[in-house]
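Chains as they are written, first to last, in the working numbering: chain A, 767 to 887; chain B, 6 to 508. Written below as structure tokens is the structure these notes are about.
Have a look at this one:
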């Protein structure tokens, strides 16, 4: 067995061990504990609030706008953080670059606003 | 203000070489800004703006071309972007396709009563992505360009809001496209792992000077890159999306997919495989060989049984991708020049053919069955004649530009001693000719008996608006002229053979 594969063997052994340990404890627990199910006990846990409706619930399609807006700002932040940490080193060039980048992303938001996508209909 | 800090050396930018990209991206951003600010734009403005941007790119390519021919290829932005003859050649093709698509879209959007700024913005952005792909000197930049190109096209496919097929096409294209992007990205990762670089020049340098004892990772990288790019150019067996998407998407968008996306995809294939992996061509050539055979045969044979003209043209565009792969497989300068010539000719053929389909499709964009074309020769002789020329061009009949294109790639294959491939390509060209002849027979030899059938008379083809009319006229004229005098295009393609310059 090559050195490369041997290093993976460690991973396989540890993975197997992890599955075995968790499986054993859960299995033993289910053998030992008494099982008296009542309606309250098998109900879905929903932060202490009485569950409403079915388990199969759909989110409103109109949330997609928020998902898109989230991506817009998420991507922005991914680039702004490292840039901000080294802003002084990048100097004027970096400043202008980031201004253009933010302008284009803001344009996306502006477009969505003008298209009345931000209003909840 | 920043005086006391140590500064990072920012990479050198050759702004003049970026002009085509900046024009396209700038035009898109400006158009979107204006469209957001002004509630009701005049209907003609976005189309005119896009056409002006496309023409500006065409004009700006000329001095760049002279500069590159005189001073040689250059790379800049820390070696991530390069400019050479092939970059400018493909940029010019994309600009032509943008102008043609904009001309078709204007008529289409008016006829279908669709809101119209987004299509143009996306078209310009998609073209900008294509230019990035054609000038990429780094695998990551290539991926960036590919995504910019593709994401815009996914949305464009869905733009016909009231046609469910359009939405379906977009979803299929998006899901499969995202899948293919993942393949490509994995391929890039493996090539990076094997060579330690993402810059094309550095990869090429590494591969030509190093003997790898274990090349499994590199081979897997080649394979995955080929899958990812093969999907974009619709090569069999990664073609399954093409017929459905071509059938469902708005017809002008299909013209862009066939002309623009294919040109950008092949520009990337040439840069990555022929140019960067050139010293290992013995390893990837068999794979491209198989892909080319499957694609020419698959595209031609399956096209025969189609009854929908848009699907038929989709399969024929797959067959064209196969011929282009024949040229890629040669892995020589001659093959590259042949591929670029073919791309030039195919851009004209695709724009012209889909312009005719746009016109015949009629309001609702759903009259694409071959029945819609029956007897068109008698009723609309000019339109039918133009379509006949374009179909003969696609079939590769002599004295049309299609012959020059097919001759080029097959000659390159025989020069590379791939006789079997050249033979199979010629056989499938003959099979594909049957497809085009079938449409021709429908155009001229089958009458629809209008007097017998009132309902058939009701679906008379409307006269072509001026936009499609210009596209059809220009493409037919160029197909005929280049068929008789192919010299200028072939010489341009010869001068456009790509060069890698390290940064």
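Think of the CB as a built atom: it goes at the ideal place given N, C-alpha and C, for glycine as much as any other residue. All figures in this text were calculated on a predicted structure; none of them were measured in a lab.
- Looking at the backbone, the Cα of residue 202(B) and that of residue 279(B) are separated by about 18 Å.
- Under the Cβ criterion of 8 Å, residue 41(B) is counted among the residues facing chain A.
- Identification of chain B residues near residue 870(A) by a Cβ-Cβ cut-off of 7 Å yields 34, ordered along the chain.
- For residue 374(B), DSSP records a beta bridge to 313(B).
- Excluding residues up to 5 positions away in sequence, 828 lie with their Cβ nearer than 8 Å to the Cβ of residue 886(A) in the same chain.
- Residue state for residue 428(B) is assigned as helix, using DSSP reduced to three classes.
- The beta-bridge partner set that DSSP reports for residue 141(B) consists of 86(B).
- Between residue 229(B) and residue 191(B), the C-beta gap is smaller than 8 Å, which places the two residues in contact.
- When C-alpha distances from residue 89(B) are compared across 99(B), 72(B) and 424(B), the shortest belongs to 72(B).
- Taking a Cβ-Cβ threshold of 9 Å, the residues of chain B close to residue 880(A) are 40, 41, 42 and 44, in chain order.
- Annotation for residue 237(B): 270 place their beta carbon closer than 6 Å to its own, counting only its chain and skipping 5 residues before and after.
- Here the alpha carbons of residue 93(B) and residue 131(B) stand approximately 16 Å from one another.
- Three or more Cβ pairs drawn from the segment 429 to 442 of chain B and the segment 324 to 333 of chain B lie within less than 8 Å of each other, which places the two stretches in contact.
- Cβ neighbours of residue 860(A) within its own chain (closer than 7 Å, five residues either side excluded): 849 and 853.
- The alpha carbon of residue 484(B) has as its nearest neighbour, out of 473(B), 408(B) and 429(B), the alpha carbon of 408(B).
- By a beta-carbon distance limit of 8 Å, residue 266(B) contacts residue 154(B). Their separation comes to about 6 Å.
- Contact annotation: residue 165(B) and residue 119(B) have beta-carbon atoms nearer than 8 Å.
- Neighbourhood of residue 37(B) in chain A, by CB distance below 8 Å: 873 and 877, in chain order.
- Residue 207(B) and residue 70(B) have their C-alpha atoms some 25 Å from each other.
- Approximately 5 Å separates the beta-carbon atoms of residue 883(A) and residue 831(A); this is inside 8 Å, confirming the contact.
- Counted as a single uninterrupted DSSP element, the stretch harbouring residue 79(B) is not any alpha helix (DSSP H) but the beta strand (DSSP E) occupying residues 79 to 81.
- C-alpha of residue 56(B) to C-alpha of residue 376(B): approximately 34 Å in a straight line.
- Comparing alpha-carbon positions, the option among 23(B), 98(B) and 91(B) lying closest to residue 263(B) turns out to be 98(B).
- Listed by position along chain B, the residues whose Cβ is nearer than 8 Å to that of residue 856(A) are 12, 13 and 15.
- Of the candidates 23(B), 102(B) and 42(B), 23(B) places its Cα closest to the Cα of residue 85(B).
- By the Cβ test, the segment 294 to 301 of chain B is not in contact with the segment 356 to 375 of chain B, since fewer than three Cβ pairs between them sit closer than 8 Å.
- When Cβ pairs closer than 8 Å are counted between the two stretches, the segment 331 to 350 of chain B is seen not to touch the segment 386 to 396 of chain B, the count staying below three.
- With a beta-carbon spacing of about 5 Å, residue 162(B) and residue 174(B) fall inside the 8 Å limit used to define contacts.
- Taking 8 Å as the upper bound for CB-CB distance, residue 212(B) and residue 285(B) are in contact here, some 6 Å apart.
- One thing to note: residue 348(B) has its Cβ no nearer than 8 Å to the Cβ of residue 273(B).
- Exclusion of the five residues before and after residue 96(B) leaves 25, 62, 66, 136 and 139 as the residues of its chain whose Cβ lies within less than 7 Å of its Cβ.
- Residue environment for residue 807(A): exposed (fewer than 16 other C-beta atoms within 10 angstroms of its C-beta).
- Within 7 Å of the CB of residue 859(A), the CB atoms of chain B belong to 15, in sequence order along the chain.
- In this structure, residue 293(B) lies near residue 333(B), with their beta-carbon atoms less than 8 Å apart.
- Inter-residue distance for residue 183(B) and residue 234(B) is about 12 Å (C-alpha atoms, whole angstroms).
- By alpha-carbon distance to residue 33(B), the top candidate from 419(B), 418(B), 145(B) and 51(B) is 51(B).
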